[in-house]
Structures are given as structure tokens and as C-alpha cells.
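Chemist: Here it is, the structure in full.
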Amino acid sequence: MLRHSGLQKKSFEHAQAINDKFNRNKKVELVDVKRNLAIFRLHWDSSMKSSKVLCLFNQGIYTFFPTIWSGKPYILKEECCYFDGAPYCEYHIKWRFQNRVREYLSRFFMSRAMLKDIITEQENDKELIEKKYGEVNHLNVALNKKIKQLMAIQDTGKAILSILDLKQLLTVIMNILSNICQINRAVIMLVNEEKGCLQYMHGVGFDGEVPEEVKNYTIPLNRLSNIIARVASTGLPEYVPDIKKSILRKENIVLKLANPTSAFIVPLVTKSKVIGIIATDAVDRDGVPEETRQTLEIFAPQIAIAIENAKLYKRLYEQMEELKRSQALLSRAEKLSFLGNMAARLAHEIKNPMTAIGTFIQMLPQKYDDEEFRTEFYEIAMEETARVNNLITELMDLAKTRESHFELNDVNELIDKMILLTSPHSKAKHIDIVRNYDSGIGQVWMDSEKMKQVVLNLLSNAIDFTPDNGKIELTTKKIMGDKESESVQIEIKDNGPGIPESLINKIFNPYFTTRHKSSMHNGTGLGLFVAHKNMQEHGGTIEVKSKVNEGTIFILSFPNTSAGHAPVSSDKD
2 MLRHSGLQKK SFEHAQAIND KFNRNKKVEL VDVKRNLAIF RLHWDSSMKS SKVLCLFNQG
62 IYTFFPTIWS GKPYILKEEC CYFDGAPYCE YHIKWRFQNR VREYLSRFFM SRAMLKDIIT
122 EQENDKELIE KKYGEVNHLN VALNKKIKQL MAIQDTGKAI LSILDLKQLL TVIMNILSNI
182 CQINRAVIML VNEEKGCLQY MHGVGFDGEV PEEVKNYTIP LNRLSNIIAR VASTGLPEYV
242 PDIKKSILRK ENIVLKLANP TSAFIVPLVT KSKVIGIIAT DAVDRDGVPE ETRQTLEIFA
302 PQIAIAIENA KLYKRLYEQM EELKRSQALL SRAEKLSFLG NMAARLAHEI KNPMTAIGTF
362 IQMLPQKYDD EEFRTEFYEI AMEETARVNN LITELMDLAK TRESHFELND VNELIDKMIL
422 LTSPHSKAKH IDIVRNYDSG IGQVWMDSEK MKQVVLNLLS NAIDFTPDNG KIELTTKKIM
482 GDKESESVQI EIKDNGPGIP ESLINKIFNP YFTTRHKSSM HNGTGLGLFV AHKNMQEHGG
542 TIEVKSKVNE GTIFILSFPN TSAGHAPVSS DKD
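Residue numbers (the numbering used here): 2 to 574.
This is the structure:
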């Protein structure tokens, strides 16, 4: 029995030597060989890729090791496993005793025959393992490439969805396609619904500049014999692996210029609508790789959404610019209409003092020696001249058209000037103008001309609606807060008929008016709309409180902004 144990030990040592010679991912340690038990430890190389599969494979080898010389399989038990967290795999191997004759024959043939068979078997196993390792490694490389590609698509998808300029977006898209899909050449064509065709938008991969013939290339959407038009019509991608053998028209300008061997066209679809196509080709015999085609199909919907967003943004931007121009024209129209009516009333107001001055001048030669007449005439003439001059100055200032300009100005003085400008109307109706000014306001950062326009509009409306012998109150307040939230308020209160609650939310709409044309102002219905816009440019608000038969209060609030943070606007009145 001892000789049998020695023989087993010898065979195990042979197996260990073979492993050390041919195996690179582990080392085998023969720990002990007893009467009918051997203990092995497999120390795996952590720097090499190994798995539980290899452990099971080795268990099979050790278990059926004796069958090489027609023996019975060993009984193998794994006490611990490297792949379950142990430092190594430990196998306990037991065997049954054989009869004397088999033992003798085994001793006789083992050292040579068994070793030869083991080497042959190990060589075969080595080739099989190397082949499987190569296959697994190839799959890992392909999988890692696909993961990187999908991650790149996700990252770039987020990037292109944030780009709103169409030209910049198309450039980014083409760069992404070139890097991720490794395409040779690609063209984006978008649907022009007005012309009913596909037209070139962007391209990459041409030698130098994209040829003018390609840039000017258009395809009618109803020409289904053309593969590009057909893809746009059906919304299904098409691949032509060999253009020479295909039924494509070889005289096509793009095919003649590009001379591709294969082509792949994928639709750009968003909201179940085809907005264009991406066409890519190959110049070698391998054609457009399947991996590239799959990636393009995954990527195309994101590209379509990004292009559609950019087109919508462009249209919105153009509409906003048009709206700004329209608002400027409306503001101008309202101002000119208002000033035209006011100028007519002021002309009448100016005519009276000028007539009085003219009468005094005519009488002066006869009453030259009358000192009382001369003194009284002088004082009246100077007073009336100054008043007329101030009225004309304010009217001319309001008529100016210029860019917004914020500067320090006294809000109380500004209101006084607007009271003067409307005085002909208020005096004609014998309306009492009451001033409740906060003297602590001081200089305020504002666009004086736009603020005049707001105050003048509201004050004129108040005079219009206030009955004869009525009262209008103008109040200014400094609303205290921290340095960043200090603000100024202007209140204009009348005791007119008020505004019905159902109309309050409409009065700032353009062209909306709560009255028929008045004798003072037959405006366009844009006054409050323009006033609201001007207050927004000051970073402020305009509010209204009104009750029927109790009057109306308009409240203007805007920040008393510091000089370093004054509002800036480039809009023109």
C-alpha cells in the first residue's frame, strides 16, 4: 500500500511539472500525499483573467486523471475556492486501491506511457483554452467598444440637444458621426415642405470644400425611384452593399462625384414625421459596417429632435425680433398720436398768452409813460413767455426718439414737469392737482424720457376721467428695505368713474380702451401697453386698483438701483 502511495505521489509530481511548464495563469502546489489522499492547492495569477469556469475545468481534469491509463476516476472535494474569496483553490483527492496485477502494470507503464498521454492531453487542452481565451477576448473588446459607443451617443445626445444654432449643430453632429461611427463620408439633407423636396444642408468627408453640385442638389419628395426620396417617404433605412451591381442610376451627380462602393441612408424622424435623412457611404469593398449602420439608426432620432429644436428656436428668435420691431413701432405710433393731440391743445393754450402779449405791445407806445402799466405788462409778459417756453420744451423732449439711457434724476421734479404739460387740460376742467411728495427720495436711476411717457399717459388718463371740479393726487414714496431691495413708488389717484372689475385684467392689452375718444386724447389704445413695457424695462411693475364710482389708483414701483447696476436696454421708443 505504501508503494501505491509513492506511485500516486510520483504521478502527481509529473502532473505538477507539466502544469508549471505549460500553464501561465496558476501554480499548483502538492501539499501532501497520504495512503489514499492527496491535497493540492491552485494559486491563481491575479493579473490574468480567470473565472470559476477554469476552476471547474481543473476539477474535471484531476477527477478523471486516472482514466488515461484505464483507472477509475478520483473522488475530488474542493475545500475552499479562490473564486469565492479564498486565497487559493484547495482540492482533496481520494482514490480506491487496485489489485496487485493492475498496480504492477501501472508502475511499469506510468512513468512513460502516462506521461506521454498527459502531455498530449495537456497540449490539446492548452490549444482549446487558448482558442476559447481568444474568442472571449475578442468578445470583450467588441463589448467594450459598443459600451463606449453607446456612452458617447448618450453624452453627445445631451450635448447636441443643448445647441440651438442650426449651423453649429450640424457641424457638431457631423464631427460626432465621424468620431463615433468612423464613417468615410456623410451628408444631411432636410425636407423643404414649401418646395416639396429634400435639399442639402451639411456634409463631411469630401476632399476640401463640399462641391457646389452637392450643395445645390435637391430631390423631389415624389421621386420614389431615388433611394433618398424613398427613405424620406417610407421612413425606413436602406442599405446598398454594392452600388455597381445595384439598380441605382449611375449618372446621378452625387454618385459620379463621390464614386462610393456602397451606401446607407437612414431617415431623421421626430413625432412620426420624417424631417430629413443622413446618407453615408464607403469607398472600399467592405462597405458600410453593420456596427456603423446600427449606431446611425440609434443616433438618428436624437439628431432629428436636435435639428427640429434648432429650427423652432430660429423661428422663435425671428418672431421675437419681429415682435420687438413691432413694439417699437407701436410705441412710436402711440407717442406721436398722443403728442399730436396734445400739441393741438397746447397751440390753443399758447395762443391766448401770445395774444395778450401782442395786445400789450400794441398799447405800449400810448401807455409808455404809465409806469404801473409798464411794470404790470413786464411781469405778465415774462411770466407767460416762461410758461409757454416750458410747455414747448417739454413737448419737444417727449417727441425725441432715442435709445434708452438710465441716469440719476429727481422723480418729483419729473412729475412736476408732466403736471405743467397737462395743465391746460386740468385747468380747463378746474381739477385740483394735489402733490404728496416724499422729499427723502432724492436722485433715482431711471430712463427719464420713458418715465415721463408713463407718468404723462397715466396723468392724462386721470384728467380725462376725472369730472369737472374733481381732484387728482400724485404721491411718491420711498419703500425701505435692504440695500438690494430699496424701491420707489409713484401713485396717481383720481376720483373718476373707476374701471369695472371684469376689465381690469385687459387694460394693458394693446388696442384695448375703456372709453370712446376723448377731447384730449383720441389715442390708439396703446398707452397703457407702452407704459407697462417701459416699467418692465426699469425692472418694475405697474398695478391698478379701482372701484366703480370710487375712482382709480395706478401704482408704479421700480427699484432704486445703484449706479453700478443700472438697468440697460437697447430698445428704441
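Think of the CB as a built atom: it goes at the ideal place given N, C-alpha and C, for glycine as much as any other residue.
If the criterion is Cβ atoms closer than 8 Å, does the pair Ala230 and Leu222 meet it?
Modeler: Contact flag set, yes.
Chemist: How would you write the range of the beta strand (DSSP E) that Gln444 sits in, first residue to last?
Modeler: Per DSSP, Gln444 belongs to the beta strand (DSSP E) from 444-447.
Chemist: Take Cys56 as the anchor and find which of Phe41, Pro67, Glu252 has the nearest alpha-carbon.
Modeler: Of Phe41, Pro67, Glu252, the residue nearest in Cα terms is Phe41.
Chemist: Considering Met49, what are the terminal residues of the beta strand (DSSP E) in which it resides?
Modeler: Per DSSP, Met49 belongs to no beta strand (DSSP E) and is neither H nor E.
Chemist: Quick one: grab the DSSP three-state call for Ile244.
Modeler: Here Ile244 sits in coil by DSSP.
Chemist: Going by alpha carbons, who is nearest to Glu502 out of Gly277, Ser547, Ser327?
Modeler: For the residues Gly277, Ser547, Ser327, the minimum Cα distance to Glu502 belongs to Ser547.
Chemist: Is the CB-CB distance between Leu557 and Val455 below 8 Å?
Modeler: It is a contact, given that the beta carbons lie within the stated cut-off.
Chemist: In this structure, what does DSSP give as the bridge partners for Met575?
Modeler: Beyond the ends of the chain as shown, which are 2 and 574, falls residue 575; an answer cannot be given.
Chemist: Within a Cβ cutoff of 6 Å, which residues of the same chain sit near Thr476, ignoring the five residues on either side of it in sequence?
Modeler: Answer for Thr476: Asn437, Glu492, listed in chain order.
Chemist: If I follow the unbroken beta strand (DSSP E) through Ser488, where does it start and stop?
Modeler: From DSSP, the beta strand (DSSP E) with Ser488 extends over 488-495.
Chemist: Smallest Cα separation from Asp439: which of Lys478, Phe407, His426?
Modeler: Among Lys478, Phe407, His426, the Cα nearest to that of Asp439 is on Lys478.
Chemist: Cα separation between Glu384 and Ser424?
Modeler: Going by the C-alpha atoms only, they are around 15 Å apart.
Chemist: Given Arg186, which residues of its chain have a CB within under 6 Å of its CB, disregarding the five upstream and five downstream residues?
Modeler: Gly206, Asp282.
Chemist: Return yes when at least one heavy atom of the ligand COA lies under 7 Å from the C-beta of Ile19, else no.
Modeler: In the structure shown, the ligand COA is absent, as is every other ligand, since no ligand is present at all.
Chemist: Which one or two residues does DSSP pair with Ser558 in a beta bridge?
Modeler: Ser558 is bridged to Gln490, Thr542.
Chemist: Using DSSP with H/G/I as helix, E/B as strand and the rest coil, what is Val549?
Modeler: Coil at Val549, not helix or strand.
Chemist: Below 8 Å on the Cβ atoms is my guess for Val549 versus Pro498; work out the distance and round it to an integer in Å.
Modeler: Correct: roughly 7 Å between the Cβ atoms.
Chemist: Quick one, are the C-beta atoms of Asn290 and Ser263 less than 8 Å apart?
Modeler: Position check: residue 290 holds Pro in this sequence, whereas Asn was assumed. Against a cut-off of 8 Å, the Cβ pair of Ser263 and Pro290 comes out as no contact.
Chemist: Grab the span of the alpha helix (DSSP H) containing Lys477 for me, first residue to last.
Modeler: First, the residue type needs correcting, since residue 477 is Thr and not Lys in the sequence shown. Note, Thr477: premise wrong, no alpha helix (DSSP H); beta strand (DSSP E) at 472-480.
Chemist: Among Glu292, Pro74, Ala259, whose alpha-carbon lies nearest the alpha-carbon of Ala143?
Modeler: Residue Glu292 is the option with its Cα nearest to Ala143.
Chemist: Who are Tyr92's beta bridge partners in DSSP?
Modeler: DSSP output for Tyr92 lists Phe41, Glu79 as bridge partner(s).
Chemist: Between which two residues does the beta strand (DSSP E) carrying Lys418 extend?
Modeler: Premise fails: Lys418 lies in the alpha helix (DSSP H), 412-422, not in any beta strand (DSSP E).
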